[in-house]
Amino acid sequence: AQSVTQPDARVTVSEGASLQLRCKYSYSATPYLFWYVQYPRQGLQLLLKYYSGDPVVQGVNGFEAEFSKSNSSFHLRKASVHWSDSAVYFCAVSPPGNTRKLIFGLGTTLQVQP
Amino acid sequence: AQTIHQWPVAEIKAVGSPLSLGCTIKGKSSPNLYWYWQATGGTLQQLFYSITVGQVESVVQLNLSASRPKDDQFILSTEKLLLSHSGFYLCAWSRGPFNQDTQYFGPGTRLLVL
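Note that the protein sequences, when read in sequence, are chains E and Y.
Position 56, counted from 1, in the first sequence is what the working numbering calls 56; the numbers after and before it change by one each time, with no gaps.
Position 79, counted from 1, in the second sequence is what the working numbering calls 79; the numbers after and before it change by one each time, with no gaps.
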């Protein structure tokens, strides 16, 4: 079945440390890939997206993600986290050529400790 | 710039009572519109999408219905609420009529059914 997996339900890092949040997908063809962030009691904000081309995509607030076709992954990274980055991060995928269908992972809760 | 509004911000309703949630997108003509549901602490599940006025596609059956009475308006409703309807309802939009574009989310409506 086509799906998206975020293996880490919760990640805790210290402020200033680097971050990687993992996302793996299971599709026969490369889907469109997205990372969204949800701050407490708010809607979702788009961090970045990948459709094709350079496998490293830059997003907002210093986030970037790297697409790996061989690993079927789209991991999110940040070089130095801030306490305000504490939120829930969702990886989402759409089948190739159809972004009306958006399938979300279970999310990773990021807690940044001062 | 496009803006998306959802109303109400929050609702507390009794089991068996009717429900109507609204979503309005301003600054974009003929958008694709979507409804999502998020259980407390859970992931997002797409419920409905609409590509034009009067047309709605159901993705998941949760004893809910949706309508698009105007180009900029999307309504989610039910005549009889269940406890399982509690959660966070998010409206999203994307550029239409093409099916390859990013979805942007509204602030959401929090629903508690007692």
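Just so it is clear, CB atoms sit at the ideal spot from N, CA and C, and this is done for glycine as well.
Val60 of chain E carries a helical assignment under DSSP once its states are collapsed to helix, strand and coil.
For Arg100 of chain E, at least one C-beta of chain Y is nearer than 8 Å to its own C-beta. With contacts defined by Cβ atoms closer than 8 Å, Leu110 of chain E and Val11 of chain E form a contacting pair.
Under DSSP, the beta-bridge partners assigned to Asn32 of chain Y are Y:Ser94. Cβ neighbours of Ala14 of chain Y within its own chain (closer than 8 Å, five residues either side excluded): Leu81, Val113, Leu114. According to DSSP, Gly87 of chain Y shares a beta bridge with Y:Leu111. Ser72 of chain E sits in coil when the DSSP states are folded into three classes, being neither helix nor strand. Looking at the DSSP output, Arg68 of chain Y bridges to nothing. Phe63 of chain E places its beta carbon 8 Å or farther from that of Lys49 of chain E. With respect to Pro107 of chain Y, Gln6 of chain Y sits close: the two C-beta atoms are nearer than 8 Å. In the three-state reduction of the DSSP assignment, Ser86 of chain E falls in the coil class, being assigned neither a helical nor a strand state. Judged by beta-carbon spacing, Trp93 of chain Y lies within the 8 Å limit of Ile25 of chain Y, meaning their Cβ atoms are closer than that value. The contact set of Gln42 of chain E on chain Y, defined by CB atoms closer than 9 Å, consists of Pro107, Gly108 in chain order. Assignment of Glu15 of chain E by DSSP, reduced to helix, strand and coil, places it in the coil class. From the beta-carbon of Gln61 of chain Y, no residue of chain E is found nearer than 9 Å; the closest lies around 16 Å away. Beta-bridge analysis with DSSP links Tyr49 of chain Y to Y:Tyr34, Y:Glu57.
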